[in-house]
Amino acid sequence: MDKLKLPDMDYVALLPMLALFVAACLGVIIEALVPRRFRNIIQLVLSIVALAVAMFFVVKQSGEVVASKALTAGGAIMIDHAALFLQGALIVLGFVALLLFGERSLEFGGPFVAQAAVTVGSERDREQTGRELGSTETFPLALFSLSGMLLFVSANDLLTMFVALEVFSLPLYLLCALARRKRLLSQESALKYFLLGAYASAFFLFGVAMVYGFAKAVDFKAIHAEALLGEGNSLLLIIGLALLAIGLLFKVAAAPFHVWTPDVYQGAPTPVTAFMASCTKVAAFGGLLRVLYVGFDGLGWQFTPVLGAIAALTVLVGSILAVTQTDLKRLLAYSSVANAGYILIGVIAGQQLGLTSVLFYLVAYGFTVIAAFALISLVRDADGEATHLSRWAGLGARSPLYAGIFTFILLAFAGIPLTSGFIAKLSVFGAAIDGGQTWLVIIGVITSIILAFPYLRVVVMMWLSEPGESTPSVSIPGGLTSTALGIGTLATLVFGVVPGPLLDLAEKASSFVR
Amino acid sequence: MTAIDVMLSAVGLVAVGSALAVVSTQHLVRAGLWLVVTLGAVAVEFLLLRAEFVAWVQVLIYVGAVVVLLLFAVMLTRAPIGRSTDLDRPIGPALLIGAGSGLGLAGLFAWVFRDMRVNPPPTGSAQRVGEAIFGDWVLPFEVLSVLLLAALVGAIVLSKKDT
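So the protein sequences, as listed, match chains A and B. Numbering-wise, our numbering puts 305 at position 269 of the first sequence, and it's gapless, one number per residue. Numbering-wise, our numbering puts 110 at position 107 of the second sequence, and it's gapless, one number per residue.
Structure (structure tokens):
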């Protein structure tokens with residue numbers, strides 16, 4: 037019998053993913069062998085080391101990418117500049133979010149529940165909330181998810197992309213269910229996310245089947261070639277693309293596929309929310325860009341109007357519903373929906389300018405949103421985080437430093453100059469005008485103004501109201517949350533004042549290899 | 004029209020009919036048993052299309068494992084064994100959505116593939132499937148094990164309880 041022929045593997049290209057995966061496996065073993073009280077610190081250090089190794093190999097490759105080397109693992113993976121940029125962004129944002137995972141000084145035992153199987157509200161549950169150390173399996177789960185994201189942004193065919201989509205989604209569903217406080221809300225959010233996510237995955241898979249029916253292949257190069265050739269029935273291709281887009285737009289939380297976002301962002305433990313809001317967005321938009329501009333480039337004039345309508349709907353829904361929110365986490369969830377819409381505008385703009393603006397926006401927004409959720413995890417009372425808007429009244433008088441930082445972050449979300457939010461919006465809108473999508477820019481600017489209202493309301497509330505009886509105290513953060521908050525805030529400021537280097541990097545990365 | 008075509012259509016009708024029974028019966032257990040018929044019919048379709056390995060996997064995994072798991076879940080939880088009338092919903096919207104998407108898809112496929120001739124591929128033996136999986140598709144295949152591991156860890160985290 038012939039020997040099985042393995043495809044060429046470029047293991048250096050796979051190393052970032054392998055590093056995270058190996059660390060996750062080691063983390064599982066640590067769970068079994070190490071006593072509970074040491075686990076958190078060991079897991080945290082292990083994860084950070086793995087991320088550093090992964091980052092090292094991403095940076096190393098970025099200097100030596102050539103077209104012949106780009107495609108590896110039997111054509112399953114494409115390592116081009118865009119993939120490396122996205123992988124690097126994922127690793128850095130994942131690092132900052134993981135710092136929040138490890139925080140133990142805000143609350144005894146950290147942000148995660150000790151035993152998720154204990155019935156909510158029982159005697160046993162009350163006991164464990166205050167006294168038991170939280171579970172640390174969250175680190176391996178987060179690493180699994182991150183390694184899936186790294187694969188997702190570099191996948192070169194739809195099947196690999198689907199597998200990666202599942203690998204990064206499943207751990208997220210699980211992480212959502214592990215909050216220490218408000219556990220019912222957390223479990224509900226996990227179940228909701230799981231069911232809707234499975235539904236979206238089914239759409240994606242159905243789309244893959246349709247596209248395969250058209251092109252008789254699932255890799256982007258063949259799909260592109262077949263679409264250009266124009267034989268076969270293009271209806272199949274268009275319906276396939278529509279179904280694929282539903283699966284991906286669900287992950288980026290674009291309207292009308294956004295309904296899970298507020299519930300999940302509110303219910304999930306705040307570190308997990310920060311992780312989802314930053315990293316999932318980067319991964320999902322990375323995948324969307326690759327599908328649209330590598331596989332379905334030839335269909336541009338057909339999907340642009342539809343995507344434009346979705347982007348317009350997304351910014352409108354996100355900004356208008358954000359106005360009505362009374363819970364800070366929900367408010368940020370709707371703001372994240374609106375931001376997905378702005379990024380979509382950049383995606384539609386296309387060309388190099390559009391891609392550059394999208395990559396810049398993703399990184400800038402990721403840092404800011406992590407800082408925002410880090411701050412939310414600081415404002416607490418006896419029942420955990422106080423996320424209701426009214427509770428934040430008068431916070432400026434209680435702790436001017438943190439109220440000041442939060443004000444800065446909100447202004448960055450609103451897109452005030454000297455913050456990264458301003459540069460990001462400016463470059464997206466600039467690219468959209470360049471790409472002939474002026475109507476989207478008009479809607480974008482109008483919704484930005486609408487969206488400034490809820491942000492400014494929070495700011496006014498924090499500074500101009502008197503602190504009342506119910507104003508919670510701000511916990512003094514431990515080193516980890518301070519670091520995450522510091523990195524996030526600093527990045528927001530630096531990318532706002534000197535955006536040049538990151539823009540250059542994004543511009544260099546803004547080409548997909550087919 | 005060859006004998007294979009006739010058999011394909013007949014078995015397809017069985018699959019669709021039993022699938023309708025799965026969602027319309029009021030007995031939870033019967034729904035599970037109808038599912039056996041549906042999945043079995045799909046396995047026969049695979050056989051008729053000469054994908055024998057996929058057919059046996061379909062029998063082993065879906066008819067064997069998934070349905071048994073489902074029936075175990077019905078038995079181990081306090082799910083009602085008899086008729087459960089509270090499962091019924093107004094039939095109008097369900098019919099509209101179900102029949103609409105079902106017929107729409109059927110029409111779409113019939114129209115799109117109306118004059119496409121596909122030569123029957125070589126038999127889908129275990130060897131060919133194995134070569135494809137461990138050849139070109141080895142990376143996604145291995146990554147699936149990461150997914151399983153993550154699911155395993157998650158299941159333990161969610162269900163483990165120290166006494």
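All residues carry an ideal CB built from backbone N, CA and C; glycine is no exception.
Spatially closest choice to residue i from the options, by CA coordinates
i        : options                                : result
B:Arg66  : B:Phe56, B:Leu38, B:Gly85, B:Phe75     : Note that residue 66 of chain B is Val in the sequence shown here, rather than Arg. Ranking the options by Cα distance to B:Val66, first place goes to B:Leu38.
A:Leu14  : A:Val496, A:Leu454, A:Ala251           : Summary: the structure shown does not reach residue 14 of chain A, with chain A confined to residues 37 through 550, and so no result is reported for it.
A:Ile486 : A:Leu398, A:Ala119, A:Ser546, A:Val351 : A:Val351
A:Val70  : A:Pro513, A:Arg160, A:Glu173           : A:Glu173
A:Gly283 : A:Phe321, A:Ser511, A:Thr455           : A:Phe321
B:Ala6   : B:Val32, B:Ala44, B:Gly20, B:Leu52     : B:Leu52
A:Ile478 : A:Phe131, A:Val464, A:Tyr491           : A:Val464
A:Ser426 : A:Lys365, A:Ala278, A:Leu54            : A:Lys365
B:Ile84  : B:Leu36, B:Gly157, B:Leu108, B:Gly15   : B:Leu36
A:Leu437 : A:His117, A:Gly522, A:Val394, A:Ala49  : A:Gly522
A:Arg326 : A:Ile379, A:Phe188, A:Ile65            : A:Phe188
A:Ala109 : A:Ala253, A:Asp44, A:Gly386            : A:Asp44
A:Gly382 : A:Ala150, A:Ser372, A:Leu395           : A:Leu395
A:Ser205 : A:Ala112, A:Ser237, A:Pro537, A:Lys544 : A:Ser237
A:Leu220 : A:Val156, A:Leu264, A:Asp161           : A:Val156
A:Gly233 : A:Ala289, A:Gly249, A:Leu264           : A:Ala289
A:Phe409 : A:Ser372, A:Gly430, A:Ala90            : A:Ser372
A:Ala527 : A:Trp499, A:Ala191, A:Gly99, A:Tyr397  : A:Tyr397
B:Pro124 : B:Gln29, B:Glu55, B:Leu72, B:Leu16     : B:Glu55
Residue burial classification, residue i (beta-carbon count within 10 angstroms, cutoff 16)
i        : result
A:Tyr229 : buried
A:Ser183 : buried
A:Lys96  : exposed
A:Thr309 : buried
A:Glu267 : exposed
A:Leu24  : Not covered by the structure: residue 24 of chain A. The range shown for chain A is 37 to 550.
A:Phe239 : buried
A:Gly276 : buried
A:Ala355 : The displayed chain sequence assigns Ser, not Ala, to residue 355 of chain A. By the 10 Å Cβ count, A:Ser355 comes out buried.
A:Pro52  : buried
B:Asn122 : exposed
A:Ala545 : buried
A:Ser104 : Legend: pLDDT at A:Ser104 = 48, less than 50; position of this residue unreliable, value from coordinates given subsequently. Answer is exposed; the Cβ neighbour count stays below 16.
A:Tyr235 : exposed
A:Asp116 : buried
A:Glu159 : exposed
B:Val160 : buried
A:Ala554 : This structure gives no information on residue 554 of chain A, because the portion of chain A shown stretches from 37 to 550.
B:Gly101 : exposed
A:Arg416 : buried
A:Ile459 : buried
Per DSSP, cross-strand counterpart(s) of residue i
i        : result
A:Ile512 : Partner(s): none; A:Ile512 has no beta bridge.
A:Val415 : A:Val510
A:Met114 : A:Leu107
A:Asp470 : Beta-bridge pairing links A:Asp470 to no other residue.
B:Arg86  : B:His30
A:Glu421 : A:Arg416
B:Asp118 : None; B:Asp118 has no bridge partner.
A:Asp255 : A:Asp193
A:Arg363 : According to the sequence shown, residue 363 of chain A is Asp rather than Arg. A:His424, per the DSSP bridge assignment.
A:Ala215 : A:Phe148
heavy atom of the ligand HEM below 7 Å from residue i C-beta
i       : result
B:Leu23 : No copy of the ligand HEM occurs in the structure displayed, which carries no ligand at all.
Q: Closer than 8 Å, Cβ to Cβ, to anything on chain A: give me those residues from the stretch 139 to 159 of chain B, in chain order.
A: For chain A, the residues of the stretch 139 to 159 of chain B that bring a beta carbon within less than 8 Å of one of its beta carbons are Asp139, Trp140, Val141, Leu142, Pro143, Val146, Leu147, Val149, Leu150, Leu152, Ala153, Ala154, Val156, Gly157, Ile159, in chain order.
(Q) What are the residues in the stretch 37 to 71 of chain A lying within 7 Å of chain B by C-beta distance? (A) Listed by position along the chain: Leu40, Lys41, Leu42, Pro43, Phe57, Val64.
Q) Can at least three beta-carbon pairs, one atom from the stretch 293 to 304 of chain A and one from the stretch 505 to 513 of chain A, be found at a separation below 8 Å? A) Taking a cut-off of 8 Å for Cβ pairs, the stretch 293 to 304 of chain A and the stretch 505 to 513 of chain A do not touch, as fewer than three such pairs fall below it.
Q: Please determine if the stretch 138 to 155 of chain B and the stretch 197 to 205 of chain A are in contact, where contact requires at least 3 C-beta pairs separated by less than 8 Å.
A: Below 8 Å, enough C-beta pairs join the stretch 138 to 155 of chain B and the stretch 197 to 205 of chain A to call them touching: three or more.
Q: Check each residue of the stretch 198 to 217 of chain A: if its Cβ is closer than 9 Å to any Cβ of chain B, include it; give the result in chain order.
A: Against chain B - using a Cβ distance shorter than 9 Å - the residues of the stretch 198 to 217 of chain A are Phe198, Val199, Ala200, Glu202, Val203, Leu206, Pro207, Tyr209, Leu210, Leu211, Ala213, Leu214.
Q) Using a Cβ cut-off of 7 Å, which residues of the stretch 44 to 74 of chain B contact any Cβ in chain A, in chain order? A) Cβ contacts with chain A come from no residue of the stretch 44 to 74 of chain B.
Q.
Against chain B, which members of the stretch 171 to 189 of chain A pass a CB distance test of less than 9 Å?
A. When CB distances to chain B are screened at a threshold of 9 Å, the residues of the stretch 171 to 189 of chain A falling below it are Ser171, Glu173, Thr174, Pro176, Leu177, Phe180, Ser181, Ser183, Gly184, Leu187, in chain order.
Q.
I'd like to know if the stretch 68 to 83 of chain B and the stretch 44 to 59 of chain B are in contact, where contact means that at least 3 CB-CB pairs between them fall below 8 Å.
A. Flag = no, the stretch 68 to 83 of chain B and the stretch 44 to 59 of chain B do not touch.
Q.
Short of 8 Å Cβ to Cβ, which residues in the stretch 108 to 130 of chain A face chain B?
A. Cβ contacts with chain B: Ala109, Gly110, Gly111, Ala112, Ile113.
Q: Taking a Cβ distance cut-off of 7 Å, strictly less, list which residues of the stretch 149 to 174 of chain A are near chain B, in chain order.
A: Residues passing the 7 Å Cβ filter: Gln151, Ala152, Ala153, Val154, Ser171, Glu173.
(Q) So if I threshold CB-CB distances at 8 Å, which residues from the stretch 365 to 389 of chain A count as touching chain B? (A) Taking 8 Å as the Cβ-Cβ cut-off against chain B, none of the residues of the stretch 365 to 389 of chain A qualify.
Q: Using a Cβ-Cβ cut-off of less than 9 Å, give me the residues of the stretch 247 to 276 of chain A that come near chain B, in sequence order.
A: Those residues of the stretch 247 to 276 of chain A that come within reach of chain B (Cβ to Cβ, closer than 9 Å) are Gly249, Phe250, Gly268, Asn269, Leu271, Leu272, Ile275.
(Q) If contact is defined by three or more beta carbon pairs under 8 Å, each pair taking one atom from either stretch, is the stretch 120 to 140 of chain A in contact with the stretch 71 to 82 of chain A? (A) Enough Cβ pairs lie closer than 8 Å, so yes.
Q) Of the residues that make up the stretch 113 to 139 of chain B, which ones have a beta carbon closer than 7 Å to any beta carbon in chain A? A) Taking 7 Å as the upper bound on Cβ-Cβ separation, chain A lies near residues Val115, Glu134, Phe137, Gly138, Asp139 of the stretch 113 to 139 of chain B.
**Q.** Residues of the stretch 392 to 405 of chain A with Cβ closer than 9 Å to any Cβ of chain B, in chain order
**A.** Correct list: empty, as no residue qualifies.
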